[in-house]
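Before any comments, here is the structure.
Protein chains in written order, with the numbering used here: chain C, 203 to 384; chain V, 564 to 755.
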């Protein structure tokens, strides 16, 4: 049970945003800009970064939902998601994406873990400054979202089917804050 | 040196916000909602939580910046702010704030480190659901801000006398895009 009085039966961050819609608005806007805004990284790739960081933070709700969104966006290539979550080095992704995921993994530990050589590797594989910026901020933002969701012990569904539907909705509609029913 | 090509004349998160104004807007709004209200917890309490978490995350820029903002709200009580950052157990703050700082410290390690006992203790000392929510989200948000600043190796002024000037800007006008788009404060002795 959640540590604070949130609406019952509503999963994860949605229940927290319904508890306090004011802060929910910029949180959803940030997710929308980072994961759906203009970028040379695909939406599927950015969702994969979110799932990867959430997996490293052991936040089941965020990991399952963003992995599902990434699978929905990758379509026929959805196997990539599970391959990356299992072992980045052997996954069928570009070397640039591997270098960016390496940076995301460092950010998950702590900002200072990102070393000039990590950034240089990504640059050598063709990553732009904006791609590096966005990777760091996605990883940092999920270090927040994950702690928000787990720190208040919000409800985490265990049925995989539920996440599949959630992922599909996230892929189609993006990040729209839930509306409180009075 | 920063990892990306940001404006060299802007320090810390200000340079990153100027690099990416689209993400800066919701981040500034979030900071205002969490740190610029006295509802339940004072603005000083909120900045103390931000400074403590930034200290735990070893983010020099953020712990100095938010420490300096807390000093503004606490009538210049620099010693108290330093004590809360490092070890609040014997600091002259309320037991309720101490219990909330315990929760913030757990969030810094990872969301699952928060325990039902920590929550119960805070509630027994008068913390409301809203106080607990805001504490967890402030701590979580600084796990983002700190990683953003250090993960891109943003410029970090080592001259501590520059922090109170920027802190005054925030104490007077709050957070938002003005902190990078308006003129940066210059120390008296460097004014021409």
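Where a beta carbon is used, it is the ideal one built from N, C-alpha and C, also for glycine.
Here the structure is a predicted model, which means the values were calculated and not measured.
8 Å Cβ cut-off: residues of chain V touching residue i
i                      : result
residue 380 of chain C : Within chain V, no residue comes near residue 380 of chain C; the closest Cβ sits about 16 Å away, beyond 8 Å.
residue 335 of chain C : 567, 579, 582, 583, 715
residue 259 of chain C : 673, 674
residue 235 of chain C : 585, 586, 589
residue 148 of chain C : A query on residue 148 of chain C cannot be resolved here, the shown segment of chain C reaching from 203 to 384 and no further.
Residues near residue i in its chain [Cβ-Cβ closer than 8 Å; skip 5 each side]
i                      : result
residue 724 of chain V : 750
residue 682 of chain V : 666, 695
residue 339 of chain C : 236
residue 317 of chain C : 308
residue 207 of chain C : 221
residue 740 of chain V : 580, 584, 587, 588, 591
residue 649 of chain V : 618
residue 652 of chain V : 661
residue 332 of chain C : 241, 242
Boundaries of the alpha helix (DSSP H) in which residue i is found, first to last residue
i                      : result
residue 604 of chain V : Segment: none, residue 604 of chain V is in no alpha helix (DSSP H) and carries neither H nor E.
residue 216 of chain C : 214-221
residue 698 of chain V : 692-714
residue 288 of chain C : 281-288
residue 194 of chain C : Missing from the structure shown is residue 194 of chain C; chain C here goes from 203 to 384 and no further.
residue 323 of chain C : 318-326
residue 564 of chain V : That residue, residue 564 of chain V, is in no alpha helix (DSSP H); it is neither H nor E in DSSP.
residue 379 of chain C : Counting along the chain, residue 379 of chain C falls outside any alpha helix (DSSP H), and DSSP gives it neither H nor E.
residue 593 of chain V : 584-598
residue 664 of chain V : 658-672
residue 304 of chain C : 297-311
residue 336 of chain C : 331-353
residue 642 of chain V : 641-649
residue 291 of chain C : Where residue 291 of chain C is concerned, there is no enclosing alpha helix (DSSP H), given that its DSSP letter is neither H nor E.
Amino acids of chain V, ordered along the chain, whose beta-carbon sits closer than 7 Å to that of residue i
i                      : result
residue 221 of chain C : 696
residue 348 of chain C : 674
residue 207 of chain C : 692
residue 345 of chain C : 706, 707, 710
Chain-order list of residues whose beta-carbon lies under 7 Å from that of residue i (same chain, five-residue window excluded)
i                      : result
residue 250 of chain C : 272, 283, 286
residue 278 of chain C : none
residue 245 of chain C : 237, 238, 275
residue 341 of chain C : 251, 255, 306, 309, 310
residue 707 of chain V : none
residue 641 of chain V : 634
residue 268 of chain C : 249, 252, 253, 256
When the options are compared against residue i, the one with the closest alpha-carbon
i                      : options                    : result
residue 639 of chain V : V:662, V:591, V:607        : V:607
residue 586 of chain V : C:225, C:235, C:219        : C:235
residue 312 of chain C : V:712, V:659, V:744, V:699 : V:712
residue 364 of chain C : C:208, C:266, C:299        : C:266
residue 668 of chain V : V:653, V:615, V:583, V:584 : V:615
residue 353 of chain C : V:603, V:568, V:673, V:680 : V:673
residue 565 of chain V : V:737, V:738, V:719        : V:719
residue 636 of chain V : V:690, V:646, V:598, V:659 : V:598
residue 603 of chain V : V:633, V:692, V:611        : V:692
residue 690 of chain V : V:703, V:737, V:643, V:663 : V:663
residue 288 of chain C : C:253, C:217, C:231        : C:253
residue 334 of chain C : V:685, V:677, V:620, V:716 : V:716
residue 643 of chain V : V:610, V:675, V:622        : V:610
beta-carbon residue i near the ligand PLP non-hydrogen atom, thresh 7 Å
i                      : result
residue 699 of chain V : No copy of the ligand PLP occurs in the structure displayed, which carries no ligand at all.
Chain-order list of residues whose beta-carbon lies under 6 Å from that of residue i (same chain, five-residue window excluded)
i                      : result
residue 214 of chain C : 263, 351, 356
residue 315 of chain C : 308
residue 631 of chain V : 726, 727, 730
residue 384 of chain C : Residue placement at residue 384 of chain C cannot be trusted, given a pLDDT of 44 that sits under 50; the coordinates are not used to answer.
residue 742 of chain V : 577
residue 570 of chain V : 578, 581
residue 259 of chain C : 348
residue 372 of chain C : 271
Exposure of residue i, with buried meaning 16 or more beta-carbon neighbours within 10 Å
i                      : result
residue 378 of chain C : exposed
residue 576 of chain V : buried
residue 296 of chain C : exposed
residue 655 of chain V : exposed
residue 322 of chain C : exposed
residue 329 of chain C : buried
residue 626 of chain V : buried
residue 657 of chain V : exposed
residue 224 of chain C : exposed
residue 709 of chain V : buried
residue 744 of chain V : exposed
residue 203 of chain C : exposed
residue 398 of chain C : No statement about residue 398 of chain C is possible, as the shown extent of chain C runs from 203 to 384 and does not include it.
residue 374 of chain C : exposed
residue 748 of chain V : exposed
Where residue i meets chain C, residues with beta-carbon distance less than 7 Å
i                      : result
residue 761 of chain V : Because chain V spans 564 through 755 in this model, residue 761 of chain V falls outside it and cannot be assessed.
residue 597 of chain V : 225
Residues that residue i contacts on chain V, provided the C-beta gap is smaller than 9 Å
i                      : result
residue 253 of chain C : Those do not exist, as residue 253 of chain C stays about 16 Å from chain V at its closest Cβ, beyond 9 Å.
Contact list for residue i against chain C, beta-carbon separation under 9 Å
i                      : result
residue 613 of chain V : The contacting residues do not exist; residue 613 of chain V stays about 13 Å from chain C at best.
residue 621 of chain V : 312, 313, 314
Residues that residue i contacts on chain C, provided the C-beta gap is smaller than 8 Å
i                      : result
residue 702 of chain V : 349, 353
residue 682 of chain V : 205
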